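First residue of the sequence shown? That's 1 in the UniProt record's numbering, and the numbers climb one at a time after it.
Each residue gets a CB set at the ideal place from its N, CA and C atoms; glycine is no exception.
Bear in mind the structure is a predicted one, so any value in this text is a computation, not a measurement.
Below is one structure, written out as C-alpha cells; comments come after it.
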Amino acid sequence: TTLLTFIDLGLRGGEVGLAITQAGALTGIVQWERLLEYKYLPQEKQPDVPKVPRKTWPDKGEITFNHMGLRYVENGSPVLKNLNLVIKPTEKVGIVGRTGAGKSSLISALFRLAIVDGEIKIDELNTKDLILHDLRSKISVIPQDPILFSGTFLTRPESDQ
Numbered sequence: 001t002t003l004l005t006f007i008d009l010g011l012r013g014g015e016v017g018l019a020i021t022q023a024g025a026l027t028g029i030v031q032w033e034r035l036l037e038y039k040y041l042p043q044e045k046q047p048d049v050p051k052v053p054r055k056t057w058p059d060k061g062e063i064t065f066n067h068m069g070l071r072y073v074e075n076g077s078p079v080l081k082n083l084n085l086v087i088k089p090t091e092k093v094g095i096v097g098r099t100g101a102g103k104s105s106l107i108s109a110l111f112r113l114a115i116v117d118g119e120i121k122i123d124e125l126n127t128k129d130l131i132l133h134d135l136r137s138k139i140s141v142i143p144q145d146p147i148l149f150s151g152t153f154l155t156r157p158e159s160d161q
C-alpha cells in the first residue's frame, strides 16, 4: 500500500494524479524485483532414486521421527536435535509450546521445507525417498492461525462440503 500526504501547496488535480500514478508505478517495480528473486532460488533437493508410494499411501498414518534433526541452513546449527517420536495410527497429537520451541520447525521437517537429518517415516516409508510432490500432496495441516471453515471438524477443511 502507498500513503501519500499532500499539504495544500496549490497543487492542481493533474499534478496530484501524476504523483499517485508515480507511486503506483514504483510499487509495481518493487513487486517485479521481488518476483525475479524467485528465479534465483535454489531447487529443492529431490531423491536420486525416488520411491513411488502406493496409491493408497498413507493408509495407516503412523509417523516416526528417528534421530531427527532440522537445520534451515546447510552446515548451520540445528534447531531441532535428536528427536525420537512415534505417532501411532489414529492417535491425535497437539503440538504446543512457547514461541521458538520448534512447533513450526517440526511441521517444516514433515513437509521437507528445511534440511532434515535422521529419518522421518510415514507408514514405514522414509520421506527422503519420495519426490516432494508425492509427499506434500498426501499430507495436510490445520494451521495455528485462527481461520473459520464451513462444516464440521469431521470433514476435511479443503473438501467442497
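Beta-carbon within less than 6 Å of residue i's beta-carbon, same chain only, minus the 5 sequence neighbours each way: which residues are those?
i	result
residue 67	82, 118
residue 97	103
Exposed or buried, what is residue i when buried is set at 16 or more other beta-carbons lying within 10 Å of its beta-carbon?
i	result
residue 140	exposed
residue 36	exposed
residue 25	exposed
residue 161	Note that residue 161 scores a pLDDT of 46, beneath 50, so its modelled location is shaky and nothing firm can be said.
residue 101	exposed
residue 80	buried
residue 27	exposed
residue 99	exposed
So, residue i versus residue j, is the Cβ gap smaller than 9 Å?
i	j	result
residue 115	residue 52	no
residue 168	residue 64	Absent from the structure is residue 168, since the part of the chain shown begins at 1 and ends at 161.
residue 57	residue 121	no
residue 111	residue 136	yes
residue 61	residue 90	yes
residue 95	residue 106	yes
residue 47	residue 125	no
residue 50	residue 134	yes
residue 132	residue 44	yes
Please return the same chain residues whose Cβ sits closer than 8 Å to the Cβ of residue i, not counting the five positions on each side in sequence.
i	result
residue 93	87
Task: 3 or more residues per run - each beta strand (DSSP E) lying fully within the region 60 to 85 - done: For the region 60 to 85, whole beta strand (DSSP E) runs of length 3 or above, ordered along the chain, are 63 to 71.
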